[in-house]
Amino acid sequence: MMVFGIIPFVGTSIVPLLQAFQGGQPTGVTATSAQVQATAIKEELQARAKGFELVLQREPDNQTALKELIATRQQMAGLGLGDIKDAIAPMEKLASLNPKDVGVQIDLASFYTQQKRYDEAIAVLDKAIDSNKEDFRPVFAKAIVLQQQGKTEQAQPLFASAADLAPPELKERVKAQIAQIKTQTPAPKADSTTSPSTPSTDRSVNPAATPSSESTPAKN
1 MMVFGIIPFV
11 GTSIVPLLQA
21 FQGGQPTGVT
31 ATSAQVQATA
41 IKEELQARAK
51 GFELVLQREP
61 DNQTALKELI
71 ATRQQMAGLG
81 LGDIKDAIAP
91 MEKLASLNPK
101 DVGVQIDLAS
111 FYTQQKRYDE
121 AIAVLDKAID
131 SNKEDFRPVF
141 AKAIVLQQQG
151 KTEQAQPLFA
161 SAADLAPPEL
171 KERVKAQIAQ
181 IKTQTPAPKA
191 DSTTSPSTPS
201 TDRSVNPAAT
211 PSSESTPAKN
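Position 70 (the sequence shown) corresponds to 70 in full-length UniProt numbering; numbering is contiguous.
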């Protein structure tokens with residue numbers, strides 16, 4: 001489904017439409033027509049969200065509606081038409097319905113991380129780790145959360161553990177992603193109050209960069 005990626009929600013056909021008026025207009029498209037398109041997209045997303053909300057009022061445990069509502073609200077947030085925090089409540093509901101699904105739990109942790117609710121993200125991941133000791137994914141996700149907070153010393157052994165737990169067919173991919181994550185977390189600039197060895201507090205590493213949380217098997 002998504003986020004720690006753990007693959008982020010992939011936009012529907014609405015996303016290519018937005019590219020027509022993001023970063024400049026293509027030839028022949030006026031500002032007015034772009035505004036009309038933007039309004040139409042906004043109305044479509046709002047209507048979709050409302051439709052799924054109505055379904056959930058009748059069927060609170062309808063997982064298809066929950067997933068679609070989460071995806072729609074995430075799209076809206078990505079387009080500046082809403083806030084990502086609006087997707088957290090249905091994500092929490094979906095996670096509560098799937099307590100043994102590691103991928104769903106990681107997705108919930110990813111949403112918390114996007115909101116900088118790090119303690120809640122770590123709590124979810126710790127529970128997933130305790131229940132799935134041979135699965136590298138929650139270990140990898142926790143390492144990313146710690147790395148995002150600048151807690152690199154705590155993250156390093158978890159990255160190593162995740163690489164060790166990863167199944168053979170994913171081991172090299174995991175190692176490559178770990179290396180990429182580390183390069184995307186630059187060391188802080190030295191100044192009069194900060195030593196060169198101060199851990200980075202950069203938040204730019206995207207937790208959605210981890211291997212898929214839905215289909216990746218745990219190491220046997």
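Just so it is clear, CB atoms sit at the ideal spot from N, CA and C, and this is done for glycine as well.
All values reported here derive from a predicted model rather than from experimental measurement.
> Which one of L66, Q37, V145 has the shortest CA to CA distance from R117?
Replying inline: V145
> Using the beta-carbon count (16 or more within 10 Å), is Q25 buried or exposed?
Replying inline: Low local confidence applies: a pLDDT of 48 at Q25 is under 50, so the model's placement there is unreliable, with the coordinate-based value given in what follows. Its Cβ having fewer than 16 others within 10 Å, Q25 is exposed.
> Are the beta-carbon atoms belonging to L56 and A65 less than 9 Å from one another?
Replying inline: yes
>> Can you tell me whether D101 is helix, strand or coil according to DSSP?
In response: coil
>> Assuming contact is defined by CB atoms lying nearer than 9 Å, are A109 and F140 in contact in what I supplied?
In response: no
> Would you report the Cα separation of residue 232 and G82, rounded to the nearest angstrom?
Replying inline: The shown model of the chain, from 1 to 220, leaves out residue 232, and the question about it has no answer.
> In the structure shown, what three-state DSSP assignment does Q149 receive?
Replying inline: coil
> What is the DSSP secondary structure of L79, reduced to helix, strand or coil?
Replying inline: coil
> Which class does Q35 belong to by DSSP, given the choice of helix, strand or coil?
Replying inline: helix
> Roughly how far, in whole angstroms, is the beta-carbon of Q74 from the beta-carbon of L45, given that I think they are within contact range, below 8 Å?
Replying inline: Contact doesn't hold; Cβ gap of about 10 Å is too wide.
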